[in-house]
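With this note's numbering applied, the sequence shown has no gaps in its numbers, which climb one by one up to 441 at the end.
Take a look at the structure below.
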Amino acid sequence: MRNQTVQNLRGILKSRQQGVGAGSAYVVVSLGISGVMTYGFQSLSTHVLGKQGYAPLALLWSATFLTVQVLWIAGTQTLGRYVSERETKGHDWRPVVASVRRWQIGLLAVFVLVALALSPLLSRGIFQGNFWLTVAFIAAVAAYAPEYFRRGIFNGHRQFSRLGGQLVAEQTGRLIIAAILLLAGIGVAGPAIAIIVAPLIGVLAVRPAPVSEPEHPGEPFSAIKAARFAGPVLACMACAQIFANGGPLLVSILGGTRSQVSVFTASLILTRVPQYVLSPAVESLLPHASRVLATGGRRAFDRFVARALGLISFVGVLMVAGTWPLGEWAVKLFAGPGFNASREVLVMLAALAAFYLICDMLNQALFARNLTRFAAVAWVLGLPVSAVCLALLQTSISYRISESLLAGMISVAIFQAAFYLLVRGRSGSVRPSP
Numbered sequence: 008m009r010n011q012t013v014q015n016l017r018g019i020l021k022s023r024q025q026g027v028g029a030g031s032a033y034v035v036v037s038l039g040i041s042g043v044m045t046y047g048f049q050s051l052s053t054h055v056l057g058k059q060g061y062a063p064l065a066l067l068w069s070a071t072f073l074t075v076q077v078l079w080i081a082g083t084q085t086l087g088r089y090v091s092e093r094e095t096k097g098h099d100w101r102p103v104v105a106s107v108r109r110w111q112i113g114l115l116a117v118f119v120l121v122a123l124a125l126s127p128l129l130s131r132g133i134f135q136g137n138f139w140l141t142v143a144f145i146a147a148v149a150a151y152a153p154e155y156f157r158r159g160i161f162n163g164h165r166q167f168s169r170l171g172g173q174l175v176a177e178q179t180g181r182l183i184i185a186a187i188l189l190l191a192g193i194g195v196a197g198p199a200i201a202i203i204v205a206p207l208i209g210v211l212a213v214r215p216a217p218v219s220e221p222e223h224p225g226e227p228f229s230a231i232k233a234a235r236f237a238g239p240v241l242a243c244m245a246c247a248q249i250f251a252n253g254g255p256l257l258v259s260i261l262g263g264t265r266s267q268v269s270v271f272t273a274s275l276i277l278t279r280v281p282q283y284v285l286s287p288a289v290e291s292l293l294p295h296a297s298r299v300l301a302t303g304g305r306r307a308f309d310r311f312v313a314r315a316l317g318l319i320s321f322v323g324v325l326m327v328a329g330t331w332p333l334g335e336w337a338v339k340l341f342a343g344p345g346f347n348a349s350r351e352v353l354v355m356l357a358a359l360a361a362f363y364l365i366c367d368m369l370n371q372a373l374f375a376r377n378l379t380r381f382a383a384v385a386w387v388l389g390l391p392v393s394a395v396c397l398a399l400l401q402t403s404i405s406y407r408i409s410e411s412l413l414a415g416m417i418s419v420a421i422f423q424a425a426f427y428l429l430v431r432g433r434s435g436s437v438r439p440s441p
């Protein structure tokens, strides 16, 4: 009787977990809702603050999410992979959680100390002399540490509905707080406070569901070793964030005015709408790509990659083609009548988003073939291409940065495709990614 009760309890707890298909649906729907909330936050901020007032928020937004992705995604991925792996085998997953928690606390302490030590340099070089922006940046990055830790817990236990609920709670809280504070007339400090508080709302609003007790004891776990294993993937993400979020920071570093920072950021955010929506779908292709390679072999895998790239390239063409006639009007509708972006810059930023999606797909192809180091090298090689273009071009600041980022992203795609083709001959010996 006791054994039957235990089995029933375990069945109830396992029913709280969701399969990959259902989980993907939850996450996609949640990302769609949170995307609407994010663009509502940005549009409200630009309309209320105007070009001059929006620039500090644009710099805070770009610096925060570039740093957050680089610092905390490793913990999320480590928890998602190893908690799930141990739980599936019935082994104790708690050593994984404890190790990652210690590692993340240490990383957080190092970040805060280094950022405070460099705060004068950050204030002058990035935040245009605003020390309070540096403080807000440090607080926001620190606030996202527990949020990304919780994401890893949800992924590891396959509690995707709760992960989606956390994302929606975070974005909704940010929009509501920003709206209230902006209407109260406190200016850019309102949405800045919302950026800091939003991840804490997500963590407090949605907690993990109970899980069954492990059947077997777990071995000691080293998060540092796991992070070294995931190093190439993290290098890809870090470089990708530079291309995705580094533009507004470059405008500020190179001496751009507040108006230039505001217009460039609004243009970048608007042209990235398809990228924001489609990137999670592209990244979810990795398990399917690995399965195709394992069951159908090299030719079936090549056909799958070719079809996916063809579809994504077609979407990219539509993105650029739609931006040419509608981009200038769309920016004014999204950000306000004072945001006048040139058609050429908007088209280049749309092309940047399109090539980002192509590179994302090539990432999945290389990851599936267990060639993560080749993917990382391609991303790293794209950075000096952008740097050389930035140094040599003599156009206006928005043109220079747009052209440089686009050139670097195109080079990443070329390097990825070259690596993919160069190793085709020995792909039969390459083990597919699990």
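Glycine included, each C-beta is placed from N, C-alpha and C at the ideal position.
Computed from a predicted structure; not experimentally measured.
Simplified DSSP state of HIS164, which is helix, strand or coil: coil
Euclidean distance between Cα positions of LYS58 and ASN370: 36 angstroms
Range covered by the alpha helix (DSSP H) that runs through PRO127: 126-132
Between the CA atoms of LEU241 and ALA81 - distance to the nearest angstrom: 7 angstroms
C-beta contact flag for VAL312 and GLY334 at 8 angstroms: no
As assigned by DSSP and simplified to three states, the class of ALA296: helix
Beta carbon of ILE203 nearer than 8 angstroms to that of ALA251: no
Distance between ARG306 and ASP99 (C-alpha atoms, nearest Å): 40 angstroms
Span separating the alpha-carbon of LYS96 from that of PHE228: 15 angstroms
Cβ of ILE160 within 8 angstroms of any chain C Cβ: Within the model displayed, chain C is absent; a lone protein chain is all it includes.
Integer Cβ distance of ARG93 from VAL107, believed to fall under 8 angstroms: The Cβ separation is near 13 angstroms, so there is no contact.
ILE365: first and last residue of the uninterrupted alpha helix (DSSP H) it sits in: 350-375
Inter-residue spacing [alpha-carbon to alpha-carbon] between SER434 and ALA420: With a pLDDT of 43 at SER434, under the threshold of 50, the modelled position of that residue is not reliable, and no figure is offered here.
Euclidean distance between Cα positions of ARG158 and PHE308: 31 angstroms
For GLY28, the three-state DSSP class (helix, strand or coil): Unreliable positioning characterises GLY28 in this predicted model, as indicated by a pLDDT of 48, which lies under 50. The coordinate reading is nonetheless provided below. Helix, per DSSP.
Endpoints, the alpha helix (DSSP H) within which ARG265 is located: 265-278
Inter-residue CB distance, ALA385 and GLN423 (contact presumed, cutoff 8 angstroms): 4 angstroms
Between the CA atoms of GLY253 and ALA358 - distance to the nearest angstrom: 16 angstroms
Same chain only: Cβ atoms within 7 angstroms of VAL392, ignoring 5 sequence neighbours per side: ALA414, GLY415, SER418
Run of the alpha helix (DSSP H) containing ILE404, from where it starts to where it stops: 404-429
LEU51 and ALA191 closer than 8 angstroms at C-beta: no
ARG443, buried or exposed, once every other Cβ within 10 Å from all chains shown has been counted against 16: Nothing about residue 443 can be reported from this structure: the residues present for the chain run from 8 to 441 only.
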